[in-house]
Structure formats: structure tokens, C-alpha cells
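A.B. asks:
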């Protein structure tokens with residue numbers, strides 16, 4: 002596979018010593034072995050006709066549960082420092098479920114790859130509900146069980162992945178499990194996930210953990226124009242997708258007007274939610290261009306944006322897009338990180354990019370290489386601008402079950418033939434491996 006001579010002549014700038022390089026996955030998207038764990042809300046969701054675009058389920062997915070040794074060998078060959086995976090709460094509730102994560106962590110440690118588990122990545126056990134406060138308490142109990150079992154080998158912990166998407170897509174718009182369309186009545190889901198995070202931090206601290214973060218999705222919000230209605234709509238979108246999930250964690254308060262919409266004793270809960278973090282995880286994919294409502298439903302990025310929302314999402318013109326139709330805007334990562342530095346000041350802990358990646362078909366995936374190259378450079382520019390960034394994780398190691406898209410979207414550095422389960426490293430795998438070698 003040919004090397005781009007321009008890129009070879011302009012190597013990635015050197016990152017600081019000790020910078021953490023890794024890749025990410027999640028349990029429901031890769032593990033399979035669904036008959037060897039309790040069911041999750043995603044099992045119920047995918048069983049409903051029409052919920053997943055290709056009609057598939059994650060019952061087998063990448064069969065990582067049985068092939069984890071092969072996948073750890075791919076991690077070792079890639080040369081990453083760390084592997085961000087998620088622990089399946091439904092599997093831990095099953096007899097012997099924690100044994101799998103014991104084996105996986107042992108295999109990672111033997112390969113010299115640091116385990117970095119995420120404790121919730123959307124696969125809530127069936128029968129639980131984030132509308133109920135009790136779910137946060139039960140999450141903390143589960144976290145204590147996992148930490149007691151794995152904490153002798155795991156230092157780096159992530160509590161929850163993308164509570165914004167789980168709230169918006171799963172409970173407000175109905176595009177993800179559990180498939181509710183509650184619109185703004187989904188706000189308690191956001192609050193209870195944030196509370197669960199705070200309780201989990203306390204549980205991890207009690208177990209002796211000293212390296213704890215969260216993985217929140219964030220991106221710049223760009224007004225569609227300078228017209229007041231577009232600027233106002235963009236500000237509201239930014240409030241919902243960025244500040245609603247960052248302000249409570251970093252400032253100990255909700256943005257103005259939102260706290261009174263949350264259930265329970267909000268002030269007392271915020272003391273828990275704002276437990277100090279060792280680092281703050283950011284999942285970055287693209288900015289969002291937002292304008293005033295247009296009076297009709299809008300199809301965007303595989304979603305239907307209802308007309309009744311007080312904003313509309315618009316296309317970002319003049320930039321390339323991935324096979325998923327997502328805009329490719331590397332400079333948005335620099336903008337996001339410098340904005341967070343300015344917004345939160347010394348309340349912002351060191352930052353780790355816990356996800357960044359793209360969907361492209363094929364194994365000679367030069368578009369993915371260009372995407373990753375540009376985003377790593379954008380991350381370095383944020384470092385040069387004074388943002389304290391400590392790590393970068395690519396999404397994802399493997400092609401996988403991409404939620405409501407099924408198997409149509411391929412985010413992996415490694416191609417997976419879902420019929421044979423054969424793994425084939427892509428050109429991007431080789432590029433990332435070589436880039437890491439050059440960093441050392």
C-alpha cells in the first residue's frame with residue numbers, strides 16, 4: 002500500500018513523554034456471546050423490527066468474548082499503551098460474568114497494554130430504567146463489585162460513556178435503546194446518569210482508585226448565520242449537548258434554567274456529581290452547525306430531528322464527509338479544547354481524548370489515515386495552545402455492531418468479516434502503528 006509522500010515528509014509532531022496512546026471499543030458492540038449473559042435494553046431494542054437499519058443484532062458481533070486473545074495480540078502488534086474497553090453490566094450480573102474480564106485484564110497486562118475499562122457504555126440491564134433514581138444507586142453497587150475484582154490490575158477507570166447521546170438518542174428521540182421519545186421529559190435520565198457517575202467515583206475512590214475520568218461527547222456548535230434566531234438556537238443546542246453534561250461535573254452547577262427541571266434534591270446531588278476527577282474524557286467527532294427551527298423534520302446523520310425542537314441541525318458546507326455523512330473538521334478539535342480551557346479554567350482537569358474516529362469502507366483506507374493524521378495534528382495544536390491533554394484513543398480497534406446502523410458502518414482499524422470472524426488489519430492500522438513507533 003502506497004505511502005503519501007507529502008505526509009511522510011511532514012511527520013506528526015512529537016507529543017510529551019508519557020502521553021497515552023490507545024484504542025477504544027465497547028462490550029455490546031464487539032463481545033457477542035449474548036446467550037452467556039443477562040439481557041440488556043439493547044437486546045430488547047434490536048429484537049423489534051425496524052429498529053436497526055440492516056435488521057441485525059449484536060448476538061455474535063465480533064465474537065470478542067471467545068476471541069479476545071486474538072484481539073489482544075492485535076493490540077500488542079499495534080503498539081498502543083492502553084486499551085479502553087467497556088464492562089458489560091448485564092454480563093457481570095450473570096454467573097461467572099466477571100471471570101471474562103479477569104481473563105481479559107490478565108491477557109492485556111501480559112501483553113504490556115494498560116487496561117482502561119468503561120463501566121457503562123449504554124447496555125443497561127433489562128428491567129432497569131435511568132428515569133428511576135434507584136438505578137444510580139445500583140450502578141454504584143455494581144462498580145464496587147467490579148473494582149474489588151479488577152482493581153489490583155486496573156488503575157485507569159472511566160465511569161460512563163456519552164450520557165448525552167444515551168439521553169438524547171435513547172430517551173428523547175427514540176433512535177437508540179430503550180427507544181423512548183420523551184423529548185425534554187428525558188432530562189431526569191441525564192441527571193440520574195450524572196448522579197451515577199458521582200456515586201461511581203466515590204465507590205472507586207473507596208476501592209483505592211486514583212485515576213478516574215468520564216467519557217463525555219463534545220463538539221463546537223456553530224450558528225448557521227449571524228441572525229439572532231440562529232445564534233440563539235445554536236446557544237441552546239450547545240447548552241443541551243455540551244454544558245448540561247460538563248457544567249455539573251466541573252462547576253458543580255447546572256446551566257441557568259436547567260437545575261429546576263431536574264428531579265430530587267438537586268443541590269445535594271450536585272455535591273456528588275462534582276466529585277473531583279483525575280482527568281476529563283472527551284469524545285470528539287465533528288462540530289455541529291445549528292440554526293433556528295425550519296418547521297419540518299430534518300434527516301441528518303442517520304437521525305430524524307423533529308420539527309418541534311427549538312433548533313435545526315444544518316449541513317456544514319465545503320468540507321469532506323465520512324461514509325457515515327459526518328463532516329470532517331479536524332480544527333474543530335482544537336477549537337473545542339481551547340474553548341473548554343477558556344470556559345472552565347482551572348476547574349478543567351487534564352484532558353484525554355477517549356474517542357476519535359471515522360467510518361470508511363475498505364482495507365486500503367487512506368481516507369481514515371488522512372482523518373486520523375489531521376486530528377492528531379489538531380490535538381497537538383491544542384497542546385501548543387496550552388491545553389493540558391494527556392492521551393488519545395482511536396475509535397475503534399475493530400469494525401463492530403454500530404448500534405442502530407447495524408453492520409453498515411465500519412469504524413475499525415481492523416476489518417472484521419462478520420461471516421467468518423476473520424480479522425484483517427487495514428492500512429490505517431499500519432499507519433497508527435508506525436506513527437506510535439515514531440513517537441517513542
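In my numbering, the protein residues as written are 2 to 441. Note that CB positions come from ideal geometry on N, CA and C, so glycine has one too. Treat the numbers as computed from the prediction; the structure is a model and nothing was measured.
(1) Taking only three categories from DSSP, how would you classify residue 121?
(2) Per DSSP, what kind of secondary structure is residue 218 in: helix, strand or coil?
(3) Is the beta carbon of residue 348 closer than 8 Å to that of residue 361?
(4) Considering only the alpha carbon of each residue, which of 152, 69, 315, 242 lies closest to residue 283?
(5) Could you tell me the distance, in whole angstroms, from the CA atom of residue 99 to the CA atom of residue 93?
(6) State the start and end residues of the unbroken alpha helix (DSSP H) segment that holds residue 280.
(7) Can the beta-carbon of residue 146 be found less than 8 Å from the beta-carbon of residue 205?
(8) Going by DSSP, what residues sit across from residue 157 in a beta bridge?
(9) Can you tell me whether residue 342 is helix, strand or coil according to DSSP?
(10) Between residue 305 and residue 174, what straight-line distance do the alpha-carbon atoms span, to the nearest angstrom?
(11) In whole angstroms, give me the CA-to-CA distance for residue 399 and residue 424.
(12) In three-state DSSP terms, what is residue 403?
(13) Are at least three pairs of beta-carbons, each pair with one atom in the segment 287 to 306 and one in the segment 206 to 215, less than 8 Å apart?
(14) Look up residue 476 in the DSSP assignment and say whether it is helix, strand or coil.
(15) Assign residue 48 to one of three DSSP states: helix, strand, or coil.
(16) Nearest CA to the CA of residue 257: which residue from 245, 281, 265?
(17) Give the single residue among 21, 336, 217, 401 whose Cα lies nearest to the Cα of residue 444.
(18) If you drop the 5 nearest sequence neighbours on each side, which residues of the same chain put their C-beta closer than 6 Å to that of residue 325?
(19) Given that a residue counts as buried once 16 or more other Cβ atoms are within 10 Å of its Cβ, and exposed if not, what is residue 494?
(20) What are the boundary residues of the beta strand (DSSP E) that residue 395 is part of?
(21) Tell me the DSSP bridge mates of residue 292?
(22) Buried or exposed: residue 217, going by 16 or more other Cβ atoms within 10 Å of its Cβ?
(23) I'd like the ranges of any alpha helix (DSSP H) spanning at least 4 consecutive residues and lying wholly in the segment 3 to 84.
(24) Measuring alpha carbon to alpha carbon, tell me which of 163, 195, 50, 129 ends up nearest residue 219.
(25) Mark residue 3 as exposed unless 16 or more other C-beta atoms lie within 10 angstroms of its C-beta, in which case mark it buried.
C.D. replies: Taking the geometry as given:
(1) Residue state, collapsed to three classes: strand.
(2) strand
(3) Result no, Cβ atoms of residue 361 and residue 348 do not sit closer than 8 Å.
(4) 242
(5) Each residue's Cα considered, the two are about 5 Å apart.
(6) Run containing residue 280: none; DSSP gives neither H nor E here.
(7) no
(8) 212
(9) Helix at residue 342.
(10) Taking the straight line from one Cα to the other gives about 8 Å.
(11) 8 Å
(12) In the three-state reduction of the DSSP assignment, residue 403 falls in the coil class, being assigned neither a helical nor a strand state.
(13) no
(14) There is no way to answer for residue 476, as the model of the chain reaches only from 2 to 441.
(15) coil
(16) It is 245.
(17) Given that the chain is displayed from residue 2 to residue 441, the structure contains no residue 444 and the question cannot be resolved.
(18) 360, 410
(19) In the structure displayed, the chain extends from 2 to 441; residue 494 sits before or after that span and is not available.
(20) 390 to 396
(21) In DSSP, residue 292 forms a bridge with 313.
(22) buried
(23) 6 to 9, 28 to 31, 42 to 47, 65 to 79
(24) 163
(25) Confidence at residue 3 is low in this model, with a pLDDT of 46, below 50, so its placement is unreliable and no value can be given for it.
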